[in-house]
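Shown next, in structure tokens, is the structure this report addresses.
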Ligand SMILES: [Zn+2]
Ligand SMILES: [Zn+2]
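What follows is the structure, given as structure tokens:
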């Protein structure tokens, strides 16, 4: 859970991922991603209304008015660049450049080692940009999560288990017990492609603007792979383990196994485990993370080498101070890299709004640049 209050020290008129309290007075709003249609815990109904009707500049998700909402009119001279965050479909990081320096707000992210080094917009020519501050997703910045198996490795383990089960008979069914509505699409699309079997979910509405994903999911209960969810989060519906209550067409009983994608559960194991673990007669845990591991975060920050790093998430049992101490060696003053000789962009020309996007609503691994300049 993010402890980020919504505003950065350098550009306090911009709010990111939090639209309540003092954020209601901000001049611009950016949402990096979301996991539910309505994330009330973060923004609340009033903030949603404010966000959609009053802000001068908005970029993010909106249920009421379509998938991605963009409304860009006035801001100070800053350039905001959206970088792929690899967390869930459409998730982005914000790189903000202006007179208060270059800052990076990561939102939630999962980047493999070496990925940041390939991001064009973090570089100016051959050099890494001179980043003043990073507001960092520190969910797994803990040596217990030193290395989380790659997405590919986890998928491989899950794929094996699913294959071994659903090929036994048409009555053998797998249920993914997912805790959020977004974030598992990588899993669904790959399994569907492998087994030619769409994944049952409660609603496809959220994927309407994502054709790549839409074709891999279904609201039909007649499938051997389910990721449907209980409306109130109960574990089981009486007499049927599947939240949708699906039964076989001829009334024969279904044989169901559950797979719970987890990261923390694996982080707490003292012994080395495989990516899939059996935890009950028909229950499994599968390692799956959409946040970067300790070593991936270290790799990312060592590459950028910012002056300051602020944690966005305080892992359970740690304090802000603990995190700041742990992040210190990655800050420029303490890193061996020293100062990066890079000239800032200088004063931006006053110009009309310039906005370009590439496939924002797709499973974005594309860049999107959004220039915000004073509009005359
Ligand atoms: Zn997230
Ligand atoms: Zn189902």
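In our numbering, the protein residues as written are 966 to 1341. Note that the Cβ used here is the ideal one computed from N, Cα and C, for glycine as well. All values reported here derive from a predicted model rather than from experimental measurement.
- Take the Cβ of residue 1276 as the centre, count every other Cβ of all protein chains shown within 10 Å, and call the residue buried at 16 or more, exposed below. buried
- May I have all residues whose beta carbon comes closer than 6 Å to any heavy atom of ligand 1, sorted in chain order? 998, 1000, 1052, 1073
- If you count every other CB in all the chains shown that lies within 10 Å of the CB of residue 1217, and 16 or more means buried, which is it? exposed
- Check the C-beta distance from residue 1110 over to residue 1258 and give it rounded, since I have them as a contact under 8 Å. 5 Å
- Message: Using only the alpha-carbon positions, how far apart do residue 1292 and residue 1262 sit?
- Response: 10 Å
- With DSSP collapsed to three states, give me the class of residue 1231. helix
- Message: Can you determine whether any heavy atom of ligand 2 sits closer than 8 Å to the C-beta of residue 1207, and answer yes or no?
- Response: yes
- Check: residue 1247 C-beta below 8 Å from any heavy atom of ligand 2: no
- Item | Proximal residues to residue 1252 (C-beta, below 6 Å), its chain only, five neighbours per side dropped | 1114, 1119, 1231, 1240
- Query: Which residue from 1273, 1171, 1131 puts its Cα closest to that of residue 1149?
  - Reply: 1171
- Message: Does the distance between the C-beta of residue 1195 and the nearest non-hydrogen atom of ligand 2 fall short of 8 Å?
- Response: no
- residue 1243 (DSSP reduced to helix, strand or coil): strand
- Could you check the C-alpha separation between residue 1236 and residue 1244 for me, to the nearest Å? 15 Å
- Is the number of C-beta pairs between the segment 1159-1170 and the segment 1068-1077 that are closer than 8 Å three or more? no
- Item | Any non-hydrogen atom of ligand 3 within 8 Å of residue 1191 CB | Summarising the ligand content, the structure contains ligand 1 and ligand 2 and does not contain ligand 3.
- Message: Starting from residue 1176, trace the alpha helix (DSSP H) in both directions and tell me its first and last residue.
- Response: 1176-1179
- Item | Nearest-angstrom Cβ-Cβ length linking residue 1078 and residue 1287, presumed shorter than 8 Å | Their Cβ separation, rounded to whole angstroms, is 24 Å, which puts residue 1078 and residue 1287 out of contact at 8 Å.
- Query: Any heavy atom of ligand 2 within a distance shorter than 8 Å of the CB on residue 1181?
  - Reply: no
- Task: Below 8 Å on the Cβ atoms is my guess for residue 988 versus residue 997; work out the distance and round it to an integer in Å.
- Result: Not a contact, Cβ separation roughly 14 Å.
- Kindly examine ligand 2 and report whether one of its heavy atoms sits closer than 8 Å to the Cβ of residue 1211. yes
- Message: Quick check: the Cα distance between residue 1135 and residue 1189, rounded to an integer number of angstroms?
- Response: 7 Å
- Quick one: what's got a C-beta closer than 6 Å to residue 969's C-beta in the same chain, skipping five residues either side? 1277
- By Cβ distance below 8 Å, which residues in the same chain neighbour residue 1088 in space, the five residues on each side in sequence not counted? 1094
- Task: With a threshold of 16 other CB atoms inside 10 Å of the CB of residue 1210, please say whether the residue is buried or exposed.
- Result: exposed
- Task: Would you check whether ligand 2 has a heavy atom nearer than 8 Å to the C-beta of residue 1130?
- Result: no
- Spatially closest choice to residue 982 from 1102, 1280, 1062, 1076, by CA coordinates: 1102
- Item | residue 1270 versus 1159, 1297, 971, residue with shortest Cα-Cα distance | 1297
- Are the beta-carbon atoms of residue 918 and residue 1073 separated by less than 9 Å? Nothing about residue 918 can be reported from this structure: the residues present for the chain run from 966 to 1341 only.
- Message: Using a Cβ-Cβ cutoff of less than 8 Å, which residues in the same chain neighbour residue 1097 once the five nearest sequence positions on both sides are dropped?
- Response: 975, 1065, 1066, 1067, 1068, 1271, 1272, 1273
- Identified DSSP bridge partners for residue 1146: None; residue 1146 has no bridge partner.
- Quick check: the segment 1122-1135 against the segment 1212-1228, are there 3 or more CB pairs under 8 Å? yes
- Compute the minimum distance between the beta carbon of residue 1140 and the heavy atoms of ligand 2, and state whether it is under 8 Å. yes
- Cβ-based burial, residue 1420 [other Cβ within 10 Å; buried from 16]: Residue 1420 is absent from the structure shown; the chain starts at 966 and stops at 1341.
- Task: Please confirm whether residue 1080 and residue 1051 have their CB atoms less than 9 Å apart.
- Result: yes
- Message: In this structure, how does DSSP classify residue 1291 when only helix, strand and coil are distinguished?
- Response: helix
- Item | Three-state class that DSSP yields for residue 1151 in the structure shown | helix
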